[in-house]
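Chains as they are written, first to last, in the working numbering: chain A, 1 to 604; chain B, 605 to 655. Ideal Cβ positions, reconstructed from N, Cα and C, are used throughout, including at glycine. All values reported here derive from a predicted model rather than from experimental measurement.
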């Protein structure tokens, strides 16, 4: 067993690193959108309930499990779980705690690199004078590899590699490097967030324009915070709240275990866990709710927010909104916003490197530098397909399987292990060992019953979606290579048909009746309006449309002929890469097991 | 802003901020534990992974 080579420099450093691990882009982008889509102000009730019965218990479980494993010289989940239960299977379940981190880091660093690039473009004044569609178009050009936005060839790839190199370099400096970044990054993130939140809170009707005369930031805040109590009885709202709590705390990844494994054996976990958890909640509920939604509603109106709220707003809309503050303030606002997202991103991505490094040091005596650079190399190999084939759906595939499903599966299994196999009495003693606060006994029974049931429900409810993903239900073009292209769904349900509006040799544009949400201020409620929407398809050389203007097209109807490589091909490639990574880590864990057996360190 | 929206926002953000401030206050004011004595503090750590 290797000696405990490293430990945290200070308690505040550890808490900031843990909070930095949890605080990510989702705090600013996912939470407000989830709230808008799930009952506005009422969403906070199931959200806080889920934080208490699922979030805090999972934090207690992961912090204490990590510290327990660290006591035996194990700093990553395969052998942390192995020390907690008999049976060889647990070390392979622990593989999730390394796999998820490498897979997520590989595409998460791509988003992080966008924030780096957008800081540069904000300061360089690239967005100056651009209208809303040009700013949105900039993002789409940026993610289309080969299209240069500012004369830098393969700009997205260069920024991605630079971002990965920065992460790897900091990781090679060990826990000290991570702690330093957290101590600088977290206060700056809160400062930048507070400045932008103040603007969001005080913007009011100042952003209204001729184009959007009714724009009002307080409409956004009203919609976000007015309770709609009827949504409390809707199970999907509770599921959304549970999902948000789950993803915002970065539980089920293996990073918390790894960080906690570097604590001293009698250090407090209870107070540290709730401190880091509530810091994440502060960033999410206080800062996250006061930036994107009110600022967007303040310039573009609430209706625009209802129709466009989503992840893309950060890069496709915010730079345009900042331009409305004047040239100089736009530079600072861009710097604050993308700087904030960068710090949120890097404190999370650094955490993702540590489980692999910890495992290789524990089992094969790899140095921190060797561990860090090998992590960077694997992440690069895994991540390049998400960069090159971003528009083909590889990025989303990684995000779904590694960034969503894998987390839920692992969290469910580790909770069952902690509460029912390791045993709740031993687990409860572990949580309370060295605790600087008295943990209410209520949590013992929550961990035993409520948390596993809630996680089981989240997992069970995700199964139909997983099946649909695997059978490619989201597309009508299911073959890898085809000689015809079929119209995709016009709406989510796939029941609407379209009419060909215009045809050229390289594109087809179809119109269809779509629905959009608008807010009726007089009645104080959201209404659905029907409007004519358009869907376009672009074609390359060797592909030609086979539809005529005025023709009615249903989902699944042939619209073009030629040689096609469908997105399903790239998505399958992404899935195979993820499976290969998981298998590779299983083999590494098996090699470690063989090594331990030779050294007489195997107990099962 | 509407009154009920202000009440919900202030209540939710107030709860979260108060808890965070309280826990950080506890972290900053709790005295660090003495370094563990390797002869006594680790006595109970005998189970699993014995060489």
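It is roughly 11 Å from the alpha-carbon of residue 94 of chain A to the alpha-carbon of residue 411 of chain A. Rounded to the nearest angstrom, the gap between the Cα atoms of residue 638 of chain B and residue 261 of chain A is 19 Å. When the beta-carbon positions are compared, residue 334 of chain A and residue 118 of chain A come within less than 9 Å of each other. Using a C-beta cut-off of 8 Å, the segment 459–467 of chain A makes no contact with the segment 281–301 of chain A, since fewer than three inter-stretch Cβ pairs fall below that distance.
Interface residue (Cβ-Cβ distance to chain B less than 9 Å): residue 424 of chain A is not classified as such. With respect to chain B, the C-beta atom of residue 436 of chain A has a partner C-beta closer than 9 Å. By the C-beta criterion, the segment 413–431 of chain A is judged to be in contact with the segment 48–67 of chain A, since at least 3 inter-stretch pairs fall below 8 Å. Taken atom to atom, the span from the alpha-carbon of residue 179 of chain A to that of residue 496 of chain A is near 53 Å.
Short of 7 Å from the beta carbon of residue 266 of chain A, and not among the five residues preceding or following it, lie these beta carbons of its own chain, in chain order: 433 and 434.
If you draw a straight line from the Cα of residue 270 of chain A to the Cα of residue 517 of chain A, it is about 44 Å long. Between residue 216 of chain A and residue 276 of chain A a beta carbon distance of about 36 Å is seen, past the 8 Å cut, so the two are scored as non-contacting.
Between the alpha carbons of residue 210 of chain A and residue 301 of chain A lies a gap of roughly 12 Å. According to DSSP, residue pairing for residue 621 of chain B in a beta bridge does not occur. Residue nearest to residue 535 of chain A within the set A/545, A/522, A/488 and A/551 is A/488 (criterion: CA-CA distance).
In the DSSP assignment, residue 143 of chain A falls outside any alpha helix (DSSP H), carrying neither H nor E.
For residue 593 of chain A, the closest of A/35, A/89, A/196 and A/33 by C-alpha to C-alpha distance is A/89. Beta-carbon to beta-carbon, residue 106 of chain A and residue 373 of chain A are separated by about 15 Å, too far to satisfy the 8 Å threshold. Cβ proximity to chain B below 7 Å picks out 218, 221, 222, 225, 226 and 227 from the segment 198–232 of chain A.
Contact annotation: in the segment 18–36 of chain A, no residue has its CB less than 9 Å from a CB in chain B.
Under the Cβ distance rule, residue 15 of chain A counts among the residues neighbouring chain B, one pair being separated by less than 9 Å.
Spanning the alpha carbons of residue 512 of chain A and residue 493 of chain A requires a straight line of approximately 14 Å.
If you compare the alpha carbons of A/48, A/71 and A/16 with that of residue 617 of chain B, the shortest gap goes to A/48. In its chain, beyond the 5 residues on either side, 500, 501, 502 and 503 have a beta carbon closer than 8 Å to the beta carbon of residue 549 of chain A.
Put simply, of A/531, A/304 and A/406 the residue whose alpha carbon is nearest the alpha carbon of residue 98 of chain A is A/406. A straight line joining the alpha-carbon of residue 525 of chain A with that of residue 283 of chain A spans about 29 Å.
At a cut-off of 9 Å between C-beta atoms, residue 393 of chain A does not count as an interface residue with respect to chain B. Residues of chain B with a Cβ closer than 8 Å to the Cβ of residue 44 of chain A are, in chain order, 612 and 616. Membership of residue 308 of chain A in the alpha helix (DSSP H) is indicated by the continuous run 302–308. By the rule that beta-carbons nearer than 9 Å mark a contact, residue 384 of chain A does not touch chain B. Considered as a whole, the segment 409–449 of chain A harbours 424–432 and 442–445 as its complete alpha helix (DSSP H) runs of no fewer than 4 residues, in chain order. Interface annotation, residue 514 of chain A: not in contact with chain B, CB-CB separation never under 9 Å. Identification of residues in the segment 277–294 of chain A having a C-beta nearer than 7 Å to some C-beta of chain B yields 278, 279, 281, 282, 285 and 286, given in sequence order. Apart from sequence neighbours up to five positions away, the residues of its chain that approach residue 446 of chain A with a beta-carbon distance below 6 Å are 53 and 57, ordered along the chain.
Residue environment: residue 268 of chain A is assigned as buried (16 or more neighbouring CB atoms within 10 Å of its CB, all protein chains considered).
Per DSSP, residue 47 of chain A lies in no beta strand (DSSP E); the unbroken alpha helix (DSSP H) holding it starts and ends at 44–50.
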